[in-house]
Every structure is written in structure tokens, then in C-alpha cells.
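Novice:
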Amino acid sequence: MTANTQLMLTPDQKNMIFENMSDGVMTVDAAGTVTYLNSACANIFEITDSSLIIGMSFAECFMSNKKNRAFNKLFDSCINNNERPEKTNVRYRSDSGIKHFNIAVSLIQPDGKDLSVQSGFPGMIILIEDTTDKFTLRQHEHDCAYIFAGLIICTSLFLFAWSLLRFTLHIYLRSSTYTFIIECITFALFLEIVFMTSFSMRDIGLVPKLSTLKKNCIETLIIAAVACSLLLLSKVILNFIGIRIKTYFIGGSLHGAYVYIFTSFVQEFLARGVIQTSVKYLMRIKYQKTFGIILTSLLFSLMHIPLGFYFMSGALLLSLALGYIYERHGNIWGCVFLHWCCGYIGMCLYF
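What follows is the structure, given as C-alpha cells:
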């Protein structure tokens, strides 16, 4: 049955089967020369022209990087020691970054000979599965769960301490004190991300894409101008109809504006870089980004409870808008500028 099946498959049919496989397939002869690789294998190793690899030494093409220790050790044992390794997960450093492979190696058995007594390297067939996406997803889920657990603990302790001081001990702290506590929480989470997770600075929105930087800056300036104009117009309308929230039209100071720049950065890093990024990676649902923005804004506004209901409501609306901007830009810097403009002017006008 097996012999008949082999006779039914022509070389073109065999090649078509290999070309339609999602895993990479490569064959190496007894001299250590690459004799075949399919399209999936070429994509995995970022090879633009497979014909350039055919006939070249496998070791020179794929084992030249000494940083790929596990990968090199695996194939060194096959080629030099004639060993048949088990299916192995290895990390491979390429030009585009670090990849993760699941590799199965089969040594070629010469016709009529016992492989166990074969003295030299007989050649091998390599089956490679690119598991980089799966590994990255699992790693991000682990990191996000870790960050979110730390965030929930910090938020719970913050609200517990506030309720204890406010309703039990009847101690009323200044708004600046609560802001300082939030900044301390943010700094602690930043240290957690840097030293205990695999997130890069780009993952948490600290490094913008240079290709879209100019477009993002123009869009941010336009939105900031429109939002600030609406805030000023609303105050003018309220004063015109006789509703005075403050005895004076606008407050604030130059020193307060400087301080609020740092506050805006810290709060946007906490809301967008930490909370929204973690929620987005943890939730595998249809409207992933939308729910990430909503849940982030609810949690962010909850941390403003000590500042009053109206302030908390304003923080919720501002956070919803900034969450959308963060998803468009992919970095927190536009959000920081908008937060500073709208937040500081809003406080000067209404709080």
C-alpha cells in the first residue's frame, strides 16, 4: 500500500505538498549542504531568494550567529555527532529580532542501511514551526496579568486609605496630596514594568513611530485648539446666562501649569501605557479596543473619587477621549499634551 502510494506521487505533486505547508521544510545532504527549502521556510528565515541558499553550507547560512546558542547546539549535535534530537523549542535571533521555533529533525536513512550503525552524518530533514506569535501572546498575557494585579492592589489600598482617613478618622487631605499618591502608584508600576515584564518602551507608548509623528502632532494640535475653545465658550455661555461656578472667570498660575505638565505625563502613563495596554491584551473579544478604553476610563475616574463627583465625571469624559487618541497614535505623548491643555484649563475655569 505504501509503495503504491509513493508511485502515485510525482515530484511536482510532492513539491506542491511542501509548498502548501505552513511549517518550514528544509533538507540537508550528507555534506551539510542545503538541497531544498519550501516557501514557508524561506519566510521564517527572511530569505528573499531561495535559490541563493540551495547548494550552500547549512552551518554557514544558519549557524554563524554565536548568540543562537541553543539553535547552534541542536544542529551541531546532528551534523558532527550524528545524534537524533527530540522535538525542541529554541530561540533564534534574526535581523528583524528574536524569533521562537519549534524544530523537529529527522536524519535520513540510507537505502538498505541501519541508521544506528551509520558512522558519518547521513543528511537530515528539518521541520520548523514558527511559534513567535504564540510565545509573544503568552508572554504578553502573563505580563498584563502581573501588571493588572499590581494595579488592583495599589488602587484598592489607595481607596481604602482614603475612606479610612475621610470617614473614620475625619482627616481631610488636600487635592495635591491625592495627586501625589497617584504619582507614587504610577512610579511603582513603571518600575514593575521595567524590571519584571518583557514590555518594551514602544509597547507602553513611550516611543512614537517616526513615520507618523508629524501627522500625530498636527492632529493633536487641532484637537487641543478645538477642545480648549469649547471649554472657554462654555464658560462664557454659563456666565452670560447667570450661572457662576467661580467668583472669577479663570484661575490658575504659571507654577501650576508647570507642575501639571508632570502630572499629565504621570497620569497618562498610568491610564494609557499601563491600564489600557494591559486591558487590551487581556481581553479577547470582538470590540477589544472599545472595551479597553471604557474600562480604563472607569478605573481612572474611580481613582479621582477623593476629588469630588464633578471632578471624577470630568476625568471620565477626558479619559474616554484620550483613550481614543491613544489608539490612533500608538503613543502617550499626544495624550499628555491634550491632558495638560484640557485638564489644566478645565480646572482653572471650573474647579
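Take -19 as the starting number for the sequence shown in the working numbering and just add one per residue.
Note that CB positions come from ideal geometry on N, CA and C, so glycine has one too.
1) Report back the beta-carbon spacing between Gly130 and Leu190 to the nearest angstrom; my notes put them in contact at under 8 Å.
2) Does Val259 pass the burial test, meaning 16 or more other C-beta atoms within 10 Å, or should it be called exposed?
3) Which term fits Arg64, buried or exposed, when burial requires 16 or more other beta carbons within 10 angstroms of its beta carbon?
4) Of the choices Ile24, Leu17, Ala10, Thr7, whose alpha-carbon is the least far from that of Glu(-1)?
5) Whether or not the stretch 131 to 151 and the stretch 227 to 242 are in contact is what I'm after, with contact meaning three or more pairs of Cβ atoms, one per stretch, closer than 8 Å; do they touch?
6) Give a yes or no on whether the C-beta atoms belonging to Ile196 and His319 are separated by under 7 Å.
7) In terms of residues, what are the limits of the beta strand (DSSP E) holding Met6?
8) If you follow the beta strand (DSSP E) that Met104 is in, where does it begin and where does it stop?
9) Let me confirm a value: Arg252 is counted as buried when at least 16 other C-beta atoms fall within 10 Å, else exposed. Which label applies?
10) Are the CB atoms of Cys124 and Leu212 nearer to each other than 7 Å?
11) Select from Phe280, Leu287, Glu307 the residue whose C-alpha is nearest the C-alpha of Leu296.
12) For the beta strand (DSSP E) that contains Lys194, what are its first and last residues?
13) How far does the beta strand (DSSP E) with Thr15 in it reach, from first residue to last?
14) Can you name the start and end residues of the alpha helix (DSSP H) that Asn69 belongs to?
15) State the DSSP-derived secondary structure class of Leu186, mapped to helix, strand or coil.
16) Give the secondary structure of Ile83 by DSSP, where H, G and I count as helix, E and B as strand, and everything else as coil.
17) Which one or two residues does DSSP pair with Ser37 in a beta bridge?
18) Residues in the same chain with beta-carbon distance under 6 Å from Pro(-9), minus the five sequence neighbours each way, listed in chain order, please.
19) What span of residues does the alpha helix (DSSP H) with Gly236 cover, start to end?
20) Give me the Cβ distance between Glu248 and Leu186, rounded to the nearest whole Å; I'm assuming they're in contact under 8 Å.
21) Could you check what DSSP says for Gly288 in three-state terms: helix, strand or coil?
22) Which residue or residues does DSSP assign as beta-bridge partners of Ile78?
23) From Glu307 to Lys269, what does the alpha carbon distance come to, in whole angstroms?
24) Using the Cα positions of Phe289 and Phe331, report the straight-line distance between them to the nearest angstrom.
25) DSSP three-state label for Leu149, please.
26) According to DSSP, simplified to helix, strand and coil, what is Pro(-9)?
27) By alpha-carbon positions, which one of Gly77, His80, Glu66, Ser76 ends up nearest to Leu87?
28) Measuring straight from C-alpha to C-alpha, what distance separates Arg224 and Ile273?
29) How far does the alpha helix (DSSP H) with Ser44 in it reach, from first residue to last?
30) Can you check whether the CB of Ile(-3) is closer than 7 Å to the CB of Val14?
31) In three-state DSSP terms, what is Ile225?
32) Apart from the five residues just before and just after Met406, which ones in its own chain have a Cβ nearer than 6 Å to its Cβ?
33) Are the CB atoms of Val246 and Glu163 nearer to each other than 7 Å?
34) How many whole angstroms separate the CB atoms of Phe81 and Thr111, which I take to be in contact at a CB cut-off of 8 Å?
35) Beta carbon of Gly12, beta carbon of Ser37: below 7 Å?
Specialist: Based on what the coordinates show:
1) Position 150 of the sequence shown, counting from 1, holds the residue named residue 130. Position 210 of the sequence shown, counting from 1, holds the residue named residue 190. Not confirmed; about 31 Å, so no contact.
2) Numbered from 1 along the sequence shown, position 279 holds the residue referred to as residue 259. Val259 is buried by the Cβ-count criterion.
3) In the sequence shown, residue 64 corresponds to position 84, counting from 1. It counts as exposed.
4) Position 19 of the sequence shown, counting from 1, holds the residue named residue -1. Out of Ile24, Leu17, Ala10, Thr7, Leu17 has the C-alpha closest to the C-alpha of Glu(-1).
5) Between the stretch 227 to 242 and the stretch 131 to 151, the count of C-beta pairs closer than 8 Å stays below three; the two stretches do not touch.
6) As a position in the sequence shown, residue 196 is number 216, starting the count at 1. As a position in the sequence shown, residue 319 is number 339, starting the count at 1. As written in the sequence, residue 196 is Asn, which differs from the Ile given in the question. Between Asn196 and His319, the gap from beta carbon to beta carbon reaches 7 Å or more.
7) To locate residue 6, count along the sequence shown from 1; it is residue 26. Looking at the DSSP string, the run of the beta strand (DSSP E) that includes Met6 is 4 to 8.
8) Position 124 of the sequence shown, counted from the start, is the residue given in the question as residue 104. Looking at the DSSP string, the run of the beta strand (DSSP E) that includes Met104 is 104 to 110.
9) Here residue 252 corresponds to residue number 272 of the sequence shown, with the count starting at 1. Burial is judged here by how many other beta carbons sit within 10 angstroms of a residue's own beta carbon; Arg252 has at least 16 and is buried.
10) One-based indexing of the sequence shown puts residue 124 at position 144. One-based indexing of the sequence shown puts residue 212 at position 232. The beta carbons of Cys124 and Leu212 sit no closer together than 7 Å.
11) Residue mapping note: residue 296 aligns to position 316 of the sequence shown, counting from 1. Closest by alpha carbon: Phe280.
12) Counting from 1 along the sequence shown, the entry for residue 194 is found at position 214. Premise fails: Lys194 lies in the alpha helix (DSSP H), 193 to 220, not in any beta strand (DSSP E).
13) Looking up residue 15 in the sequence shown gives position 35. Bounds of the beta strand (DSSP E) holding Thr15 are 14 to 17.
14) Within the sequence shown, numbered from 1, the residue matching residue 69 stands at position 89. Unbroken run through Asn69 is the beta strand (DSSP E), 68 to 74; no alpha helix (DSSP H).
15) Sequence index remark: in the sequence shown, residue 186 carries index 206 (1-based). In this structure, Leu186 counts as coil in the three-state DSSP scheme.
16) Start at 1 with the first residue of the sequence shown, and residue 83 comes out as number 103. Note: Ile83 maps to strand in three-state DSSP.
17) To locate residue 37, count along the sequence shown from 1; it is residue 57. For Ser37, which the question treats as bridged, DSSP gives the partners Thr13.
18) Taking the first residue of the sequence shown as position 1, residue -9 is located at position 11. Excluding sequence neighbours, Pro(-9) sits near nothing in its chain.
19) For this step, residue 236 is matched to residue 256 along the sequence shown. Its alpha helix (DSSP H) spans residues 234 to 248.
20) By one-based count along the sequence shown, residue 248 stands at place 268. By one-based count along the sequence shown, residue 186 stands at place 206. Actually they are not in contact, since the Cβ atoms of Glu248 and Leu186 sit about 10 Å apart, beyond 8 Å.
21) On the sequence shown, residue 288 is found 308 positions in, with the first residue counted as 1. Note: Gly288 maps to coil in three-state DSSP.
22) Position 98 of the sequence shown holds residue 78. According to DSSP, Ile78 bridges with Arg73.
23) Locating residue 307 in the sequence shown gives position 327, counting from the first residue. Locating residue 269 in the sequence shown gives position 289, counting from the first residue. Roughly 8 Å between the two C-alpha positions.
24) Counted from its first residue, the sequence shown places residue 289 at position 309. Counted from its first residue, the sequence shown places residue 331 at position 351. Take the alpha-carbon of Phe289 and the one of Phe331: they are about 12 Å apart.
25) Position 169 of the sequence shown, counting from 1, holds the residue named residue 149. Leu149 falls in the coil class under three-state DSSP.
26) As a first step, residue -9 must be located in the sequence shown, where it is residue number 11. Note: Pro(-9) maps to helix in three-state DSSP.
27) As a first step, residue 87 must be located in the sequence shown, where it is residue number 107. Out of Gly77, His80, Glu66, Ser76, Glu66 has the C-alpha closest to the C-alpha of Leu87.
28) Working through the sequence shown from its first residue, we reach residue 224 at position 244. Working through the sequence shown from its first residue, we reach residue 273 at position 293. Here the alpha carbon of Arg224 sits roughly 33 Å from the alpha carbon of Ile273.
29) By 1-based counting over the sequence shown, the position of residue 44 is 64. Here Ser44 belongs to no alpha helix (DSSP H), and DSSP marks it neither H nor E.
30) One-based indexing of the sequence shown puts residue 14 at position 34. One-based indexing of the sequence shown puts residue -3 at position 17. Against a cut-off of 7 Å, the Cβ pair of Ile(-3) and Val14 comes out as no contact.
31) Start at 1 with the first residue of the sequence shown, and residue 225 comes out as number 245. Secondary structure of Ile225 (DSSP, three-state): coil.
32) Limits of the chain in this structure are -19 at one end and 331 at the other, which puts residue 406 out of reach.
33) Taking the sequence shown and counting its residues from 1, the one referred to as residue 246 is at position 266. Taking the sequence shown and counting its residues from 1, the one referred to as residue 163 is at position 183. Contact flag set, yes.
34) Within the sequence shown, residue 81 is the residue found at index 101, counting from 1. Within the sequence shown, residue 111 is the residue found at index 131, counting from 1. Between Thr111 and Phe81 the Cβ distance is about 7 Å, and since that is below 8 Å, they are a contact.
35) Taking the sequence shown and counting its residues from 1, the one referred to as residue 12 is at position 32. Taking the sequence shown and counting its residues from 1, the one referred to as residue 37 is at position 57. Cβ atoms of Gly12 and Ser37: closer than 7 Å.
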